[in-house]
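S.K.: Per numbering that gives the first Met the number 0, the sequence shown starts with residue 0, numbered consecutively.
Glycine is no exception: its CB is placed at the ideal position from the N, C-alpha and C atoms.
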Amino acid sequence: MKKSISILSALIFLVSTCITYFSLYETNSQLPVAIIIIFAWVLPLIGLIIGAAGEKTLFKYIGFYGNLLLLLVTVLYPVVISLIWNQP
Numbered sequence: 000m001k002k003s004i005s006i007l008s009a010l011i012f013l014v015s016t017c018i019t020y021f022s023l024y025e026t027n028s029q030l031p032v033a034i035i036i037i038f039a040w041v042l043p044l045i046g047l048i049i050g051a052a053g054e055k056t057l058f059k060y061i062g063f064y065g066n067l068l069l070l071l072v073t074v075l076y077p078v079v080i081s082l083i084w085n086q087p
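(1) Quick check on the DSSP output: the alpha helix (DSSP H) that includes phenylalanine 38 runs from which residue to which?
(2) Can you name the start and end residues of the alpha helix (DSSP H) that serine 15 belongs to?
(3) Would you call the segment 40-58 and the segment 21-31 touching, i.e. three or more CB-CB distances under 8 Å?
(4) Using a Cβ distance threshold of 8 Å, determine whether the segment 78-87 contacts the segment 43-53, with at least three qualifying pairs required.
(5) Specify the secondary structure class of leucine 69 as computed by DSSP and reduced to three states.
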């Protein structure tokens with residue numbers, strides 16, 4: 000059961016990474032912003048929690064660290080950038 004949880008975490012990482020990449024870097028994206036937020040923030044958060052509960056396999060590490068990296072790039076990095084380059 001725990002191995003399937005680890006595989007699910009890795010699949011969540013792959014799906015959310017692909018959709019986030021194509022929606023953020025494609026200039027003519029047809030996806031609504033709410034869908035992009037779900038795939039860029041909510042799904043990696045769920046995958047991070049699921050990855051922490053999975054069995055210690057390669058899929059757990061891919062899912063856990065991949066979802067963590069995706070959250071850092073899509074949430075923390077823009078917040079830090081806006082704080083640094085925001086001029087009053």
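M.R.: Looking at the coordinates:
(1) Segment: none, phenylalanine 38 is in no alpha helix (DSSP H) and carries neither H nor E.
(2) 1-24
(3) These segments do not touch.
(4) no
(5) helix
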